[in-house]
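For reference, the structure is listed below as structure tokens.
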Amino acid sequence: MGAIDTPDSTFDVIVVGAGPAGSSAARAAAAAGARVCVLERSSMPRYKTCGGGLVGLSTDHVGIDLAGLVRATVSSLTMTWDGRYTVSRGRTDARPWLSMVMRTDLDAALLAAAQTAGAIVRTGVQVLGLLEPGGDPADQPAGVGVPGVPGAHDGWVTVRVRGGADLRARVVIGADGASGRCGTHVGVRCDQVDVGLEGEFVVDAALAERWAGRLLLDWGPVPGSYGWLFPKGRVLTVGVIGDRAQGAALRGYYERFVERLGLTAAPRQHDSGHLTRVRAVDSPLRRGRVLVAGDAAGLLDPWTREGISFALRSGRLAGEAAAGAVGAPGAAGSVGSAALDAYPDRVEAVLGPEMAAGREVLGAFTRRPGVMHALMSGPGTFGLFIRLIEGRTTVARQLRRPGVRAAVAALGR
Ligand SMILES: Cc1cc2nc3c(=O)[nH]c(=O)nc-3n(C[C@H](O)[C@H](O)[C@H](O)COP(=O)(O)OP(=O)(O)OC[C@H]3O[C@@H](n4cnc5c(N)ncnc54)[C@H](O)[C@@H]3O)c2cc1C
């Protein structure tokens, strides 16, 4: 199949994947005037294995009205360590500090916002590979200079799709998640691979009431793992996450966790597993005219594995960079490289410190879960924990305090 040059096949920006990263990217690029097409392999709305917990940084950056999407909010917390040492705390004013959504609803709404901004959406389209100017999927140079236009590159990125004609774009944003093709194309390297196991359990009114407004976090028996119960009315989202290499032990942890909660026999709307991958510190975020964002780039918190806020923020940065590149002067198919060059630095500036801090805390948590449990559930630190979830402070900011930094470093040794 060859690339064809029609308005239906040629775009300024093609975004691969319609999760939070892809929709944010598409929305930002379209709002800035680029002609954008989103390619999503599933039909939407689609299910995504995810707790659907929106921390403050996610609600700050989501950019859409969440009223009608939020299934429940949380104002109290129970923490356990492998089912023991139970501590429950709530805020005296009972003000909610965490919002719960179903990803099916959130992702559909984010995609609709991208469409409203002008993005074209094609669902049921699976991307198989990318070819940059003068290359094939195994060997893509960055492009050739355009005579007379400093910093511009000629040519197009070809996007190969299953069962259809090739498409082409001046810039491609890979937002196709943890197991997508675009990360491989760009050469993303990850040094932490986790697996999450999660179910959506339908419960009776009494059990729903017992958990209403209350989040459960359980520090798991597999080093670095934890489990959660997110209440969403008559549905409880229950899951565990930890090192993929400990898959069998994690499966056992998940089953015991579900049993402890009295949910083994409860009907499950979904029960599935999904990988998360955390990028190595110097892993690329761009190759030629292809940028990666969200899970495709390995951008998420290494400790909590919270990824929606990372997907929203990196997606938007990628969309802005792509629009800046295609808006630069040049011949048809050319892009201005300055905006693309700046993307990795912008991501590093915003998300790099948060990921570095998450790594440090994960190190402490992996080695000393009991001490971390005592610290996080203590009356003095509960307020800090809540402020972290609300996004009113960050782990990175806290680690700049010498006492905190020394304590976390000591725990991680
Ligand atoms: C069990 C579990 C629980 C989690 N809970 C939370 C939580 O409570 N809060 C939180 O903030 N984060 C959570 N996360 C992390 C969060 O789910 C991810 O970080 C987030 O979904 C990343 O968004 P994304 O847009 O980068 O990727 P995704 O949401 O994975 O979207 C990628 C999209 O690309 C599409 N796609 C893939 N391949 C192709 C292809 N070849 N062609 C076309 N389309 C393609 C997929 O169908 C998908 O729609 C959790 C993760 C797991 C595994």
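Under the working numbering, the first residue of the sequence shown is numbered 68, with each subsequent residue one higher.
Idealized CB from N, CA, C, for every residue including glycine.
Quick caveat: nothing in here was measured; it's all calculated off a predicted structure.
Check	Outcome
Chain-order list of residues whose beta-carbon lies under 7 Å from that of Asp-364 (same chain, five-residue window excluded)	Note that residue 364 is Ala in the sequence shown here, rather than Asp. Correct list, in chain order: Gly-250, Val-255, Arg-346, Leu-352 and Ser-381.
Alpha-carbon to alpha-carbon, Pro-436 and Val-154	15 Å
Burial state of Ala-385, where buried means 16 or more other Cβ atoms lie within 10 Å	buried
Three-state secondary structure assigned by DSSP to Ile-453	helix
Local Cβ density within 10 Å of Leu-195, reported as buried at 16 or more and exposed below that	exposed
Close-in-space but distant-in-sequence residues of the same chain around Arg-413 (CB under 7 Å, 5 per side omitted)	Leu-384
Cβ-heavy atom distance, Ala-96 to ligand 1, below 6 Å	no
For Thr-147 and Ile-456, the rounded distance between their alpha carbons	18 Å
Val-417 versus Leu-124 - alpha carbon distance	12 Å
Proximity test, Cys-104 beta-carbon vs ligand 1 heavy atom, cut-off 6 Å	no
At least 3 beta-carbon pairs within less than 8 Å: the segment 94 to 104 vs the segment 180 to 190	yes
Any 3 or more C-beta pairs closer than 8 Å across the segment 261 to 281 and the segment 290 to 308	yes
Every unbroken beta strand (DSSP E) within the segment 72 to 145, with a cutoff of 3 residues, ordered by chain	77 to 83, 103 to 107 and 137 to 141
C-alpha gap between Leu-328 and Trp-295, whole angstroms	11 Å
Ile-131 and Ala-88 closer than 7 Å at C-beta	no
Selection from Leu-283, Gly-403, Asp-174 and Ser-376 that minimises the alpha carbon distance to Ala-85	Asp-174
Spatial distance of Gly-157 from Ile-453 (CA atoms)	10 Å
Contact the segment 358 to 378 vs the segment 421 to 430: 3+ CB pairs below 8 Å	yes
Straight-line gap, Phe-324 to Met-443 (C-alpha atoms, nearest Å)	20 Å
Whole-angstrom C-beta distance between Arg-189 and Val-105, which should lie under 8 Å	7 Å
Any non-hydrogen atom of ligand 1 within 6 Å of Arg-248 CB	yes
Range of the contiguous beta strand (DSSP E) that encloses Asp-285	281 to 286
CB-CB length for Ile-240 against Val-83, believed under 8 Å	7 Å
Backbone CA spacing between Pro-446 and Tyr-320 [nearest angstrom]	28 Å
Where Ala-360 sits in the DSSP three-state scheme	coil
Best match in Tyr-410, Leu-144, Leu-197 and Ala-474 for proximity to Val-438 [C-alpha to C-alpha]	Ala-474
Candidates Ala-312, Ala-186 and Arg-113, of which the one nearest Arg-102 by Cα	Ala-186
Where the beta strand (DSSP E) containing Thr-63 begins and where it ends	Because the chain spans 68 through 480 in this model, residue 63 falls outside it and cannot be assessed.
Option nearest Leu-144 by Cα separation, candidates Phe-449, Ala-392, Ala-389 and Arg-237	Phe-449
Option nearest Asp-149 by Cα separation, candidates Val-302, Ser-376, Val-226 and Leu-283	Leu-283
Arg-189 - containing beta strand (DSSP E), residue span	187 to 190
Gln-207 to Leu-366 span [Cα, whole Å]	Confidence at Gln-207 is low in this model, with a pLDDT of 40, below 50, so its placement is unreliable and the value that follows should be read with caution. Cα-Cα distance, rounded: 23 Å.
Pairwise C-alpha distance: Gly-391 and Asp-408	11 Å
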